[in-house]
């Protein structure tokens, strides 16, 4: 391999998309050619440095604008009509390709249902789809390394009509183990919205003993007072009896306990 | 297992437009950084990401699913960026637009050595003509193979290899100059 041929393959070598035989040829060439060796070493170092350039995060406005655009697109009657016609004329799905007559019949029934009140069903389905998407976004954001994004994830979760089990578990995990106190506080507020769910109630009661931040402890005490259950009272008693409890928190818990009893 | 980009895009094409949110969540940060490197402007980059997803909705019927979704998406992203340049530069011939390096203010000094090095690389990238910056962005950060970049740019794979090599050499040259300027 000469210098020209070696240089033609430098890009493959850097990207790592190269056959072992070609790579071996390049290695053999640079072992004997100082000029090519210096060049590839310099370029490889820079290539590696490019790879560690930190990614920058867009502002929350981008996400908000995107979802506003998507919601707008979905709910615009003109777009829905376009969807309808696209489905009508589409032969991509095997069911539609089966026979044109059958398709007409199916779509005819669909149109009938739509005209006789099926429209509201479509809107309900649309709403459900949007809720599902929100849930997916919330779960994805709750996992992010940035506390700001996790807070945003909690805010997305709080906006759900009825969060699924995964979202509840994720919120409880944030409450019990997130390193950022603001995230834990936001999780308390979000879970408060879903306190009618027995699993949420149970998790909130259990979480009190796991908290060490006075701010989160006070927020949870207030929430347990709202729940007004014997198990909540037991959790408060246990907290009051624990060592190293901040005096203000202890006082708050004692007042709360009296309210429950 | 999570559906692939292609499967999600096919669902979007077939009417489940709400699934576009999945693609948005997967690619928005990568696209934002792609545009940020090309424009140097945060607000314009966010607008361009939004523009890409609007165009995906607009042209979804034409999605064939034969090539990788990212290749199709970056074709749209490049067109959005070229339109953005046209709007910015009025009647300049496209060739001149391509040749002109981006002009930007230097970034503020940073303290740590590693951070200084990152700042230098960013500055060097900023000084690279945008077409060369683009080929480096596509080959280094977007998880695209050289053959896929060739499809995206509509050229031979050999041309892409040569472009990557030239762009990296020029970047290296600028970077070393900046580093010498800093230490001298």
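Residue numbers (my numbering), protein chains in the order written: chain Z, 2 to 262; chain C, 40 to 223.
Note that beta-carbon positions come from the ideal geometry of N, C-alpha and C, so glycine has one too.
Since this is a predicted model, take the numbers as computed values, not measurements.
A contact is defined here as three or more CB-CB pairs under 8 Å, and the segment 25 to 42 of chain Z fails this definition with respect to the segment 52 to 60 of chain Z. Neighbours of residue 11 of chain Z in chain C, taken as residues at a C-beta separation under 7 Å, are given in chain order as 204. Counted as a single uninterrupted DSSP element, the alpha helix (DSSP H) harbouring residue 74 of chain Z occupies residues 61 to 76. Residue 206 of chain C is positioned such that its CB atom lies closer than 7 Å to that of residue 175 of chain C. Residue contact check for residue 141 of chain Z against chain C: a CB pair falls below 7 Å.
Looking at the backbone, the Cα of residue 162 of chain Z and that of residue 68 of chain Z are separated by about 17 Å. When only Cα atoms are considered, residue 186 of chain Z and residue 212 of chain Z end up about 11 Å apart. Taking C-beta atoms under 8 Å as the contact rule, residue 216 of chain Z and residue 225 of chain Z fail to qualify, at a distance of about 15 Å.
Take residue 153 of chain C, set aside five residues on each side of it, and no residue of its chain has a beta-carbon closer than 7 Å to its own. At least one CB of chain C lies nearer than 7 Å to the CB of residue 63 of chain Z. A contact between stretches requires three or more CB pairs, one per stretch, nearer than 8 Å, and the segment 100 to 108 of chain C fails this requirement with the segment 195 to 203 of chain C. It is roughly 18 Å from the alpha-carbon of residue 39 of chain Z to the alpha-carbon of residue 203 of chain C. Counting only unbroken stretches of 3 or more residues, no beta strand (DSSP E) element lies wholly within the segment 57 to 84 of chain C. At least one C-beta of chain C is nearer than 7 Å to the C-beta of residue 18 of chain Z. Shown here for residue 113 of chain C: same chain residues with a beta carbon closer than 6 Å to its own, the five before and five after excluded, namely 191 in chain order. Sequence-distant Cβ neighbours of residue 213 of chain C in its own chain, meaning closer than 6 Å and more than five residues away, are 163, 166. Less than 7 Å separates the beta-carbon of residue 140 of chain Z from that of residue 171 of chain Z. Fully contained in the segment 172 to 216 of chain C are the following alpha helix (DSSP H) runs of length 4 or more, in chain order: 185 to 192.
A check of alpha carbon separations from residue 177 of chain C across C:95, C:193, C:62, C:73 identifies C:73 as the nearest. For residue 89 of chain C, the chain Z residues whose Cβ falls inside 9 Å of its Cβ are 63, 66, 67, 70, in order along the chain. For residue 243 of chain Z, the three-state secondary structure derived from DSSP is coil.
One thing to note: residue 75 of chain C has its Cβ within 7 Å of the Cβ of residue 84 of chain C. Interface residue (Cβ-Cβ distance to chain Z less than 7 Å): residue 179 of chain C is classified as such. Along the segment 65 to 94 of chain C, going in chain order, the ones with a CB nearer than 8 Å to a CB of chain Z are 67, 68, 69, 71, 72, 75, 81, 84, 85, 88, 89, 92, 93. Judged by DSSP in its simplified three-state form, residue 224 of chain Z adopts helix. Contact between residue 88 of chain C and residue 67 of chain C holds: CB atoms are separated by about 6 Å, below the 8 Å threshold. In the DSSP assignment, residue 37 of chain Z falls within the alpha helix (DSSP H) that extends over 35 to 52. Per DSSP, the continuous alpha helix (DSSP H) segment holding residue 44 of chain C begins and ends at 44 to 52.
Per DSSP, reduced to three states, the secondary structure at residue 113 of chain C is helical. Sequence-ordered contacts of the segment 97 to 117 of chain C with chain Z read 100 [C-beta pairs closer than 8 Å]. Cα atoms of residue 151 of chain Z and residue 10 of chain Z: separation of roughly 44 Å, rounded to the nearest angstrom.
In the three-state reduction of the DSSP assignment, residue 158 of chain C falls in the helix class. Taking 7 Å as the cut-off, the beta carbon of residue 43 of chain C is found no closer than this to the beta carbon of residue 47 of chain Z. For residue 51 of chain Z, the closest alpha carbon among the candidates Z:73, Z:65, Z:22, Z:15 is that of Z:15.
In this structure residue 136 of chain Z is in contact with residue 168 of chain Z, their Cβ atoms being roughly 6 Å apart against a cut-off of 8 Å.
Within 10 angstroms of the beta-carbon of residue 64 of chain Z lie 16 or more other beta-carbons, which makes it buried.
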